[in-house]
Every structure is written in C-alpha cells, then in structure tokens.
Amino acid sequence: MLSLLHLIESHLREALDKACLNEFSSECSLGVSLDSDLIAASKPEFGDFQSNIALVLAKHLKRNPREIALSVAKVLEEDLRFLAICIPPEVAGPGFINLTLRQSCIENEVKRILGDSRLGVLSIKAEENQKDYGPIVVDFSSPNIAKEMHVGHLRSTIIGDSLARIFEFRGFQVIRLNHVGDWGTQFGMLINHLKQVAPKALDSADAIELGDLVVFYRQAKKRFDDDELFRSESRQEVLNLQSGEPLSLRAWSLLCSQSRREFQKIYDRLDIKITERGESFYNPYLKQVVDELQASGLLVLDQGAKCIFLENMFGKDGKPLPIIVQKSDGGYNYSTTDLAAIRYRFKPKPIGDGAFRILYVTDMGQSSHFEGVFQIARLANWIPERCLIQHVPFGLVQGEDGKKLKTRSGETIRLRDLLDEAVDRAEIDLRSRLADEGRAESKSFIKNVARTIGFAALKYADLSQNRATSYQFSFDRMLSLQGNTAPYLLYSLVRISGIARKGGELEQVTDNLTFALPQELSLARQLLKFDEVIAFIEEELLPNRLCSYLFELSQIFNRFYDQVPVLKAQPELRNSRLALCRLTADTLKVGLGLLGIPTLERM
RNA sequence: GGGGCUGUAGCUCAGCUGGAUAGAGCGACGGUUUCCUAAACCGUAGGCCGUGGGUUCGAGUCCCGCCAGCCCCGCCA
1119 MLSLLHLIES HLREALDKAC LNEFSSECSL GVSLDSDLIA ASKPEFGDFQ
1169 SNIALVLAKH LKRNPREIAL SVAKVLEEDL RFLAICIPPE VAGPGFINLT
1219 LRQSCIENEV KRILGDSRLG VLSIKAEENQ KDYGPIVVDF SSPNIAKEMH
1269 VGHLRSTIIG DSLARIFEFR GFQVIRLNHV GDWGTQFGML INHLKQVAPK
1319 ALDSADAIEL GDLVVFYRQA KKRFDDDELF RSESRQEVLN LQSGEPLSLR
1369 AWSLLCSQSR REFQKIYDRL DIKITERGES FYNPYLKQVV DELQASGLLV
1419 LDQGAKCIFL ENMFGKDGKP LPIIVQKSDG GYNYSTTDLA AIRYRFKPKP
1469 IGDGAFRILY VTDMGQSSHF EGVFQIARLA NWIPERCLIQ HVPFGLVQGE
1519 DGKKLKTRSG ETIRLRDLLD EAVDRAEIDL RSRLADEGRA ESKSFIKNVA
1569 RTIGFAALKY ADLSQNRATS YQFSFDRMLS LQGNTAPYLL YSLVRISGIA
1619 RKGGELEQVT DNLTFALPQE LSLARQLLKF DEVIAFIEEE LLPNRLCSYL
1669 FELSQIFNRF YDQVPVLKAQ PELRNSRLAL CRLTADTLKV GLGLLGIPTL
1719 ERM
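Position one of the first sequence corresponds to residue 1119 (my numbering), numbered consecutively onward.
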C-alpha cells in the first residue's frame, strides 16, 4: 500500500497548498517542512491514515488548527482523484484529518498483489534513480576458531541471516560474511600447544582428528595462563604466523578446517548461508592500513605502540584513550583488522567488494569499539560518500534469573545443545498432543514437525524481541502454543492448509473480489501493510517489527477464521474469502521465510 | 572517573520516531465447540510509562538532573 500512501500524500500536499495559499510564503520562510505528516491511523475508528499537519501548522500560521484542517478537508472533498481513493475526510478532535480508504480501493489493492510473488513489495531494481547500488555486506555470526558456537552466537547468526534475507528479497546483492576469529593472539597458544602435543599432525598430509577442540582450547589456555615459558613461546608463534612461517601456517589451517566442519553443521541445521572470510583474509592488507594511517598523519607513537587518539574517547583515568593499530611488539590487533576490512569492503571491485552499505551484527558490548573504528575509517577517507556503515547491536540472552544465560553449573551453553533441546521439547509437546487427540502420525512426520517447530520457536523468540534490549530465554515461552510465538503463527498457516485440503482451491481464486464484513476488511487492510513493514525494517534494521506484523496478521486471520465461514460460504462470497486465505498464507510464508523459518502444512 | 544501554500491567515485552482514551501475550477470572485443526475465539480485572524539572497546543517518546540495574573503557575480539 506504499504507492497508495504516496499518492494520497501528494493529493494532501496539494490540498494543503491550496488551502493555505495566502500564508504560504511566510510559512515557507519559517522553514517549516511542508511534509503532509501522513501516518497510519492510530486506531481503526480513525480510518486508514491520519494527518496531523493542521496541528503543526496552526502555530506558524497563527490560525486555529481545526479551521486549517477543515479547509484542507474541503479542498480534498472536491478533488475527484482523491475521492476515487478515499471517502470524504473527517476532521476530528483539535484538528486531526482522518482518511478512510474506499472499500473498492481496498479490493483493488488486494487484487493487485494477489498472486504476486513479491506481495506488493517493490524490488530495488524497479525503483528509479537508485540503480547504482553496490552490494550490502552483512557481517554476522563470526564465531572463533577452536571454540564452540554458543548462545552468544545465536542472536548474531539469526538476526544477521534475517536481515540478509530481507535485503535479498528487496533485490539487493548481499554479501553474507562470516568474520571468524581465525587470526590473532589466541592462535599463538593453540599452535604452540598443537606443535607440542601432536607434532605428527603437522607432518602427515591428512588432517587428523584433534578430538574435542574445546578441550584442546582449554588445555592450551591453561598452559598459557600457568606457564611463563609457554606464554613467551606462544607470543613468538603469533609473529611466526603473521610472517607466514610454513609450519605455523600448517598448524593454523589444521585448526581452522577442524572448526569449520563443526560450524557448518550448525549452519546446515539452521539453514544459514554464509561465506567464511575470517580475519586472516585481511592479513595482507594490515601493513598498508598502518602505512596509510601514517601517511594521513593520524598515527601517534605511544609507549612503543602505534595509536590513534580520537575525540570523546577517554580511559578510566580520564586521559584520552588510544586505539592501537600496531602493538609495541610489531603485531597487529583487531582494530587493525577491522579497519582493513572496512577499507577492503568499500573499495571497488576487483580489489574490494564495492559495497555501499556494511552492517555489523554483533553484541552491544562492542559499540564503542565500532564507534572508534568507524571514526578512524572516516578520517582516513575509506568510507565513500553516500555509503553507509552501521553497527547493528543487540542485547544479551539472559536466563530466567535475569543474568547471562549459563548452564546450572555456570558454563556457557553450547549452541548445538540448545538446538537439540528445542527440538526434543517440541517433540514431547507434539507427542502428547497427538495422544490427546487420538491421532496417529508417522515417525518421519513427528520428526519433521518437531524439528521445524523447535528451530522456528528458537529463531522467532530471538527475532521477535527488539534486538536493542536483552531478552529472557525461556523454552516454555517460545514453544508455547499461544501468544506471540512461532507455533501460533505456524498454526494459522496450518488452518489455511486445512481449508485447501478440504476443497478450497486457493490457486484458482479469481480476482472478482468483494469484501463486506468487518473481519474481511480488517484482514485485507493488514495484508496490504506488508510492504510498509519491509520498508521500515530496511531502514531501521529491526526484524521484530516483521514478527509483530505477522503475529497481528495471524490474530486477525484467526478471528476471521473463527467468525466467518469460508468453504461453506455462499458462492459469491466464497471466492473473496478464499482469496483472503490465499494472500494470508502467502504473506505468512514469505514473512516467516524472511525470518529464516520454514512452514508446515500440518502440525 | 568517562561513555553506552535499560527502567511501561503480577510476569515477558510492544509502542511505527511528538498526536486522540498507553497496547499485546502469558498468568488470573468468566464465556464459546452438530461447523474449514479449540494449538482457536469472545469478554472481565489489572498502569504515577523509575523519579524530579524543562521544551509546546500536545511528551512513554525530545532536553537536563537524580535513582536503580547491566555493559564497555591500552596492547584479547
């Protein structure tokens, strides 16, 4: 309905122009935006849209807001183009202008998107004057090599994937990057440990199993913490690695490929597509980064380290805080890598990605780090004009005690255990429900439904929360069949499938539509809002808005389903209702798909 | 010490960027099934939007102060 909104907006602006013609020049000189201030009506009683422009203008024009509203309304009432879309506007309260779409207009809009695979969402390619967009880089997930993925990676992975899907749906080229921690200080100790514990692994051509990498990591860490000699050897190892010493490189790639296999299992289960391009990728560019910073006069040598001091960055002691790009031992650190990544991603192809927007989906704790790094990149002139770089932060996953989610013994929860538990719980629920209803289903049906519901619940619980805040993790809540949960949404879709199975030919609906009942109209109205939601998310990067949209859609549909017969409706009503069912199903499928959630026919 | 985030119903959270009587869900209480999956629907109760100022026609939303909780702050990412 976005195009309709824009159309009404232009009529409104014109009307405003006419109604306030005399005052216009003085008004303009006040610098007030002539935005018609058209927004969705705050309540259904107020129609579809409302404009509060009269209230805004009242002061500047020194006129009564109600009077302005009435005169604007009068102009609109005489505008035939406007009247083709809306019924005559109403002025309410102190000067709100309420606009209500004609029923025929709603019917036409539904016709327009019925059977459209994009559901009315414009592709970026169809938009004018914005054809030179480069790709969008979404940097997400990013676990560390030799460590296991845990809850902390859940949000980044799920939110990043969903944002990527939404941009792809809009027609952007998206580069999904897994900026894995495959470089840096911790590899010193890992390689050192590997060389000492399993030297044979480095000689043989085939990679050997390292056993549990997590255990391996812990052993190395323990030695690093306890053993002074081991520590200094490890530091040397880092430098060996960074200078490309073959044996160190071999040990390194052994560790990486081992981890990669483990990560991939998780991504496969969650249906996440992502390209690994770890920190090591940028190693060849680190020196250039430092050189360029040096050349642009940004670097300061402080206690042997090459640093940049930024405004508004202070340490604990209140002194200016440096960002170190080259340590006193000559090594580089994460800021350097992040800078190299920014530089590379914005550089045109073939020596870069030619990105026009970069998103970093990482936890809130890294806000100040990114703020600093972005500032440096800007100073160094690595961010082209018109291009966007944004940190997309998210809050913690907390346990039901309100603290960071941990196991009972206080350890980090492994992601794969979390996935297993979600599916197990979903299966237990499902089996007891089948037993209650006396249904017999095949084992494969049960496995498939449990897996779909389990993962859906997990993803949805995460995405439906405003990402900026921390959220309380609860299997019981996310798997609940009522409320704003994945199972509730999936169930709505199952109901529509039921209609299709029982003879509702959803694919064969004609576009001869008439809506009469309020339940039909409110469902139609909700369906028409899909494109606005997508546009909002593209701007604000808040997938939870898609969740609440889909939840509201399900609620409205369930009300419709409960109160309005579809299959048993009279022939002239049946087609329109089937059309609503079909569009609801399509919207739910596409919407959930954008959240990375597949749907079910039966559950 | 500096910076950031959060504070809305008993609980978990929305709140579309300043608009009309602050919304959901869960939980509580009450109702609905010869009918497309009742995993649903309908209704009732429940609020000093942390707090004190300010900005203006109008503030949960913007600004300042305060209180509480969490996070980050020099060679880890």
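Note that beta-carbon positions come from the ideal geometry of N, C-alpha and C, so glycine has one too.
Given the structure is predicted, the values throughout are model-derived calculations rather than measurements.
Within 10 Å of its beta-carbon, does Q1421 have 16 or more other beta-carbons around it, so buried, or fewer, so exposed?
As a position in the first sequence, residue 1421 is number 303, starting the count at 1. Flag for Q1421 reads exposed.
Near L1664, what residues of its chain come up, given a Cβ to Cβ distance below 7 Å and the 5 sequence neighbours on each side ignored?
Residue numbering aside, residue 1664 sits at position 546 when the first sequence is read from its first letter. Cβ neighbours of L1664 beyond the five flanking positions: V1651, I1655, G1709, L1712, L1713.
Output the boundary residues of the alpha helix (DSSP H) element that contains L1664.
Translated into positions along the first sequence, residue 1664 becomes position 546. That run of the alpha helix (DSSP H) goes 1662-1681.
Taking DSSP as the reference, what is the three-state secondary structure of K1522?
As a working mapping, residue 1522 is identified with position 404 in the first sequence. Strand, per DSSP.
CB-CB under 7 Å to L1608, same chain, minus the five flanking residues each way: which ones, in chain order?
Here residue 1608 is taken as the residue at index 490 of the first sequence, counted from 1. If we look at L1608 and ignore the five residues flanking it on each side, its Cβ neighbours are I1571, A1574, T1717, L1718, M1721.
With 16 other CB atoms within 10 Å as the buried threshold, where does L1198 fall?
One-based indexing of the first sequence puts residue 1198 at position 80. Flag for L1198 reads exposed.
Note down, one range per segment and in chain order, each beta strand (DSSP E) of at least 3 residues found wholly within the region 1208-1285.
Correct list: 1214-1219, 1254-1257.
Can you tell me where the alpha helix (DSSP H) with M1431 in it begins and where it stops?
Mapped onto the first sequence, residue 1431 falls at position 313. No alpha helix (DSSP H) holds M1431; the beta strand (DSSP E) holding it covers 1423-1432.
When we look at the beta-carbon of G1556 and count the other beta-carbons within 10 Å, is it buried (16 or more) or exposed?
Indexing the first sequence from 1 puts residue 1556 at position 438. Label assigned to G1556: exposed.
Would the beta-carbon of D1471 fall within 8 Å of that of I1293?
Here residue 1471 is taken as the residue at index 353 of the first sequence, counted from 1. Here residue 1293 is taken as the residue at index 175 of the first sequence, counted from 1. Closer than 8 Å, so yes.
So which of A1586, S1615, L1576, I1614 has the shortest CA-CA distance to S1598?
Here residue 1598 refers to the residue found at position 480 of the first sequence. S1598 has its Cα closest to that of L1576, out of A1586, S1615, L1576, I1614.
Hey, quick one: how far does the alpha helix (DSSP H) through H1124 stretch, first residue to last?
Taking the first sequence and counting its residues from 1, one reaches residue 1124 at position 6. Segment 1120-1137, the alpha helix (DSSP H) holding H1124.
Check the C-beta distance from S1260 over to N1226 and give it rounded, since I have them as a contact under 8 Å.
In the first sequence, counting from the first residue as 1, residue 1260 sits at position 142. In the first sequence, counting from the first residue as 1, residue 1226 sits at position 108. Contact flag wrong, Cβ pair sits at about 46 Å.
Quickly, what does DSSP pair C1204 with across the bridge? List them, please.
Walking along the first sequence from the start, residue 1204 turns up at place 86. Answer is L1219, bridged to C1204.
Taking Cβ positions, are Q1590 and E1518 nearer each other than 8 Å?
The count along the first sequence starts at 1 and reaches residue 1590 at position 472. The count along the first sequence starts at 1 and reaches residue 1518 at position 400. Contact: yes.
Excluding five sequence neighbours on each side, which residues of the same chain lie with their C-beta closer than 7 Å to the C-beta of R1463?
Locating residue 1463 in the first sequence gives position 345, where the first residue counts as 1. Hits under 7 Å: V1255, G1470, D1471, A1473, I1476.
Ignoring anything shorter than 4 residues, give me the alpha helix (DSSP H) runs that lie fully in the region 1532-1604, in order along the chain.
Counting only runs of 4 or more, we get 1533-1555, 1561-1581, 1593-1596.
Of all the options A1495, L1125, Q1304, which has the alpha carbon lying nearest to the alpha carbon of I1157?
Here the question's residue 1157 lines up with position 39 in the first sequence. With distances taken between Cα atoms, I1157 lies closest to L1125.
Counting along the chain, where does the alpha helix (DSSP H) carrying P1364 start and finish?
For the purposes of this step, residue 1364 is taken as residue 246 along the first sequence, with counting starting at 1. That run of the alpha helix (DSSP H) goes 1364-1388.
Considering only the beta carbon of each residue, do L1533 and M1307 sit closer than 8 Å?
Residue mapping note: residue 1533 aligns to position 415 of the first sequence, counting from 1. Residue mapping note: residue 1307 aligns to position 189 of the first sequence, counting from 1. Against a cut-off of 8 Å, the Cβ pair of M1307 and L1533 comes out as no contact.
Quick one: what's got a C-beta closer than 8 Å to I1224's C-beta in the same chain, skipping five residues either side?
Numbered from its first residue, the first sequence carries residue 1224 at position 106. If we look at I1224 and ignore the five residues flanking it on each side, its Cβ neighbours are F1633, L1639, A1642, R1643, L1646.
CB-CB under 7 Å to Y1385, same chain, minus the five flanking residues each way: which ones, in chain order?
As a first step, residue 1385 must be located in the first sequence, where it is residue number 267. Once the five neighbours on either side are set aside, the close Cβ partners of Y1385 are I1392.
Mind checking whether I1460 and I1507 have CB atoms under 8 Å apart?
Numbered from 1 along the first sequence, position 342 holds the residue referred to as residue 1460. Numbered from 1 along the first sequence, position 389 holds the residue referred to as residue 1507. Cβ atoms of I1460 and I1507: closer than 8 Å.
What is the residue span of the beta strand (DSSP E) that N1296 lies within?
The residue given as residue 1296 occupies position 178 in the first sequence. Note, N1296: beta strand (DSSP E), 1292-1296.
Tell me whether the region 1231-1238 and the region 1273-1283 touch, counting them as touching only if at least three CB pairs, one residue from each stretch, are closer than 8 Å.
Judged by Cβ distances under 8 Å, the region 1231-1238 makes no contact with the region 1273-1283, as fewer than three pairs qualify.
For a quick check, are the C-beta atoms of A1133 and V1228 less than 8 Å apart?
Here residue 1133 refers to the residue found at position 15 when the first sequence is read from its first residue. Here residue 1228 refers to the residue found at position 110 when the first sequence is read from its first residue. No. Outside cutoff.
Work out the CA separation of Q1360 and V1407 for me, nearest whole Å.
To locate residue 1407, count along the first sequence from 1; it is residue 289. To locate residue 1360, count along the first sequence from 1; it is residue 242. Whole-angstrom Cα-Cα distance: 15 Å.
If the criterion is Cβ atoms closer than 8 Å, does the pair Y1578 and I1715 meet it?
Within the first sequence, residue 1578 is the residue found at index 460, counting from 1. Within the first sequence, residue 1715 is the residue found at index 597, counting from 1. Yes, these two residues count as a Cβ contact at 8 Å.
Drop a sphere of 10 angstroms on the beta-carbon of S1550, count the other beta-carbons inside from all chains shown, and report buried for 16 or more, exposed for fewer.
Mapped onto the first sequence, residue 1550 falls at position 432. Answer is exposed; the Cβ neighbour count stays below 16.
Please classify G1149 as buried or exposed, where buried requires at least 16 other C-beta atoms within 10 Å of its C-beta.
For the purposes of this step, residue 1149 is taken as the residue at position 31 of the first sequence. Its pLDDT being 44, under 50, G1149 is placed unreliably in this model, and the coordinates cannot settle the point.
How far does the alpha helix (DSSP H) with L1631 in it extend, from its first residue to its last?
In the first sequence, the residue the question calls residue 1631 occupies position 513. From DSSP, L1631 is part of no alpha helix (DSSP H); its letter is neither H nor E.
Suppose the cutoff is 7 Å on Cβ atoms and the five residues either side in sequence are ignored; what does the same chain contact list for D1453 look like?
The sequence position of residue 1453 within the first sequence is 335, counting from 1. This sequence places Ser at residue 1453; Asp is not what is there. Cβ neighbours of S1453 beyond the five flanking positions: I1441, I1442, V1443, V1491.
Mind checking whether I1186 and G1165 have CB atoms under 8 Å apart?
Working through the first sequence from its first residue, we reach residue 1186 at position 68. Working through the first sequence from its first residue, we reach residue 1165 at position 47. Their beta carbons are not under 8 Å apart, which means I1186 does not touch G1165 by this criterion.
Which value, in whole angstroms, describes the spacing of the CA atoms of T1525 and L1536?
Walking along the first sequence from the start, residue 1525 turns up at place 407. Walking along the first sequence from the start, residue 1536 turns up at place 418. Straight-line Cα distance between these residues: approximately 11 Å.
Could you name the residues of the same chain whose beta carbon sits closer than 7 Å to that of S1592, not counting the 5 residues immediately before and after it, in chain order?
The residue labelled residue 1592 in the question sits at position 474 within the first sequence. Only E1518 meet the Cβ criterion.
Cβ atoms of L1523 and V1269: under 8 Å apart, would you say?
Within the first sequence, the letter at position 151 stands for residue 1269. Within the first sequence, the letter at position 405 stands for residue 1523. Yes, Cβ-Cβ distance for V1269 and L1523 is below 8 Å.
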